[in-house]
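There are 2 protein chains.
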Amino acid sequence: MTEYKGKKNTEKEVAHVIRHIRELLENDEVLPGERLPAERKISADTGVSRAKVRLALERLESYSLVTILPQSGSVLSSQPRTALIRQISSILDGNKYDFNSLVQVRNLLETAAVRLCAERHTPEDIVLMEKAMQDFVDNVHGPLRDEKDFAFHTTIARCCHNSVIYHLLLMITPDVLGFYRRLRACATLPEDVVQEHLKILECIKNSDPDGAEQALKSHFADITAFAAANTNEVPRFRL
Amino acid sequence: MTEYKGKKNTEKEVAHVIRHIRELLENDEVLPGERLPAERKISADTGVSRAKVRLALERLESYSLVTILPQSGSVLSSQPRTALIRQISSILDGNKYDFNSLVQVRNLLETAAVRLCAERHTPEDIVLMEKAMQDFVDNVHGPLRDEKDFAFHTTIARCCHNSVIYHLLLMITPDVLGFYRRLRACATLPEDVVQEHLKILECIKNSDPDGAEQALKSHFADITAFAAANTNEVPRFRL
DNA sequence: GCACGTAAATTGGTTAACCAATTCACCGTG
DNA sequence: CACGGTGAATTGGTTAACCAATTTACGTGC
Numbered sequence: 025m026t027e028y029k030g031k032k033n034t035e036k037e038v039a040h041v042i043r044h045i046r047e048l049l050e051n052d053e054v055l056p057g058e059r060l061p062a063e064r065k066i067s068a069d070t071g072v073s074r075a076k077v078r079l080a081l082e083r084l085e086s087y088s089l090v091t092i093l094p095q096s097g098s099v100l101s102s103q104p105r106t107a108l109i110r111q112i113s114s115i116l117d118g119n120k121y122d123f124n125s126l127v128q129v130r131n132l133l134e135t136a137a138v139r140l141c142a143e144r145h146t147p148e149d150i151v152l153m154e155k156a157m158q159d160f161v162d163n164v165h166g167p168l169r170d171e172k173d174f175a176f177h178t179t180i181a182r183c184c185h186n187s188v189i190y191h192l193l194l195m196i197t198p199d200v201l202g203f204y205r206r207l208r209a210c211a212t213l214p215e216d217v218v219q220e221h222l223k224i225l226e227c228i229k230n231s232d233p234d235g236a237e238q239a240l241k242s243h244f245a246d247i248t249a250f251a252a253a254n255t256n257e258v259p260r261f262r263l
Numbered sequence: 025m026t027e028y029k030g031k032k033n034t035e036k037e038v039a040h041v042i043r044h045i046r047e048l049l050e051n052d053e054v055l056p057g058e059r060l061p062a063e064r065k066i067s068a069d070t071g072v073s074r075a076k077v078r079l080a081l082e083r084l085e086s087y088s089l090v091t092i093l094p095q096s097g098s099v100l101s102s103q104p105r106t107a108l109i110r111q112i113s114s115i116l117d118g119n120k121y122d123f124n125s126l127v128q129v130r131n132l133l134e135t136a137a138v139r140l141c142a143e144r145h146t147p148e149d150i151v152l153m154e155k156a157m158q159d160f161v162d163n164v165h166g167p168l169r170d171e172k173d174f175a176f177h178t179t180i181a182r183c184c185h186n187s188v189i190y191h192l193l194l195m196i197t198p199d200v201l202g203f204y205r206r207l208r209a210c211a212t213l214p215e216d217v218v219q220e221h222l223k224i225l226e227c228i229k230n231s232d233p234d235g236a237e238q239a240l241k242s243h244f245a246d247i248t249a250f251a252a253a254n255t256n257e258v259p260r261f262r263l
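Protein sequence lines correspond, in order, to chains A and B.
Quick note: the first sequence uses my numbering, first residue 25, plus one each step.
Quick note: the second sequence uses my numbering, first residue 25, plus one each step.
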């Protein structure tokens, strides 16, 4: 009567375990920096198999919220209690972003990237960016258009020498692209896009942050307006 | 001759598998949107146990780079090839951020949050923020000081009604706090911090984005200067 | 020769038993 | 009474066998 179900409610059970851990934290049964109950204990308390408990803990570890010590136990990160709780909640919410928020942040990060790039680029950076630019021009009418467009923006983010900007941009990009595709946005003519990219690159090379910011802003003008008009889009993610 | 090793080189083997998948992608052996080799196949190809292969795939799935289909296989996300490769590389690098980059981005995100908050707060938002403010004042000399300080900033991020800003801020906060603690930064007098928080909240309530931005900037002035002076800090994370 | 159904092979998902390192309590010794 | 060591119990880590759903290939019947 194990009543084996081949379904994949793994996600739900993992979420249950994570929620359980959040409750432990909320009820002060474990404090930040302290040891969590053993995997077997959690498994017994929640009724979830140990493998799934393990999965949940590993997930939390990948967010740096717990550290699993090989033969000793799992300890909570020693951040402020509220920070832990909110981050756990954020994981449980599943990161469903709306289009407008995404576009705002993309604007924010890329603007900073472009400015920093203009201020402190090295000669090697210039080479990289011109290569990305040329790559884009060569493919602007081919099937790799989106690919190379993305690569150009990413290269700038890399050349701005701020690792956080680069990584966060990589992180939100899939969601942004998903919306673009779904909403059939980005109808600008290829030639215009090339010109806009060129203008941005030009300002960067001239070490002109304000000009670069302005060029980026007009590059994003259409999509910004579109996003502002299309807020409250149904959020659906995961590939 | 199984030569059982109780060590935890799990991380290294998982990384090996992820690197293997990146190579498949780089060599065009699998394209975005296509099916990956079966877990058992990957396990045989890499010499890593299937459980670890599984772990690697689940990690990639948690970043939305692959989707695991219950009894059918794992398929790559259909983003641009370059995007996938760079995101995988980013995971392999392990997200080691330097202090200066973190502070720059924190500035960026919180500035945007404060402005948005001033522009479009609701009455309920005001209640939440004043409650967070009061909470901070009540604990400014107690052991929960950092906790409540953090909670105040987070509440603003939540009230700005941009889910991406909120989540990204939550995401980088542990790293920021880690640096603060390690570098013994944040030596400002408690009373001054209260005043600065009050000023920010005041501007938000008056729907004055520029004032709020200015108040935030002076709130962050010390740490910004400190971070700029202490770049190239050795990056060490995970709790 | 084509279409359909069936069975075998392949897939991810799950479990339980086992391993070694660590922890901890207890007991003996100084 | 304090200290140190030893062994049992507990910990996370690993493995291999097994499950059901899906896919695939084949053979049968039309």
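Virtual Cβ for every residue (Gly too), placed ideally from N, Cα, C.
As the structure is a computational prediction, the values presented were derived from the model and not from experiment.
With fewer than 16 other beta carbons inside 10 angstroms of its own, A:T212 counts as exposed. Excluding residues up to 5 positions away in sequence, V38 lie with their Cβ nearer than 7 Å to the Cβ of A:L79 in the same chain. B:T146 has a beta carbon lying at 8 Å or more from every beta carbon in chain A. Near chain A, meaning a CB-to-CB distance below 7 Å, the residues of the segment 184-196 of chain B are N186, S187, V188, I189, H191, L192, L194 and I196. Look at A:S98 here: in three-state DSSP terms it is strand. In the three-state scheme derived from DSSP, where H, G and I count as helix and E and B as strand, A:T212 is classed as coil. In this structure, the beta-carbon distance from A:A137 to A:D159 does not fall below 8 Å.
For A:T91, the secondary structure class from DSSP, reduced to helix, strand or coil, is strand. By the beta-carbon neighbour count (other beta carbons within 10 angstroms, threshold 16), B:E134 is buried. In this structure, the alpha-carbon of A:L192 lies about 24 Å from that of B:L207. If the five residues before and after A:V90 are omitted, its C-beta is found closer than 7 Å to the C-beta atoms of L60, L81, L84, S98, V99, L100 and S101, all from its own chain and listed in chain order.
Using a CB distance cut-off of 8 Å, A:E82 counts as an interface residue toward chain B.
Residues H185 of the same chain have their beta carbon placed closer than 7 Å to that of B:R144, with the five preceding and five following residues left out of the count. Taking the beta carbon of A:T178 as reference, the chain B residues within 9 Å of it are T106, A107 and R110, listed in sequence order. The Cβ atoms of A:C183 and A:M157 lie no closer than 8 Å to each other. In chain order, R74 place their CB closer than 8 Å to the CB of B:R64, counting only its own chain and leaving out the 5 sequence neighbours on each side.
Inter-segment contact for the segment 106-121 of chain A and the segment 238-245 of chain A is absent: fewer than three beta-carbon pairs are separated by less than 8 Å.
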